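Trainee:
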Amino acid sequence: MIKSDIVKIEFTKDNQKIEDILKAKGIKPVRWAVVSVDEKEMVLSVSFEY
0 MIKSDIVKIE FTKDNQKIED ILKAKGIKPV RWAVVSVDEK EMVLSVSFEY
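Under numbering that gives the first Met the number 0, the sequence shown has 15 at position 16, and the numbering climbs by one with no breaks.
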């Protein structure tokens, strides 16, 4: 089943680092999109299998 959720992570411009952070949180993303960004944090909309 696919679930969508909002996830906050530290700011980075590196897509691979974003994927690695999500995987470290136990999230295997199907897709993700940046919702908002500030100097220290990014908010992502993430769809993943669970």
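Don't be surprised by glycine CBs; every beta carbon is placed ideally from N, CA and C.
Please read all numbers here as calculations on a predicted model, not as lab measurements.
1. From THR11 to ARG30, what does the alpha carbon distance come to, in whole angstroms?
2. Cα separation between ILE20 and LYS2?
3. Label ILE5 either buried or exposed according to how many other C-beta atoms from any shown protein chain fall within 10 Å of its C-beta, with 16 as the threshold for buried.
4. Evaluate VAL45 with the Cβ neighbour count: other Cβ atoms within 10 Å of its Cβ, from every protein chain shown; 16 or more gives buried, anything less gives exposed.
5. Is the beta carbon of GLU40 sitting closer than 7 Å to the one on LYS7?
Mentor: In terms of the structure at hand:
1. So the alpha carbons of these two residues sit roughly 17 Å apart.
2. Rounded to whole angstroms, ILE20 to LYS2 spans 18 Å at the Cα level.
3. Exposed.
4. It is buried - the Cβ of VAL45 has at least 16 other Cβ atoms within 10 Å.
5. Yes.
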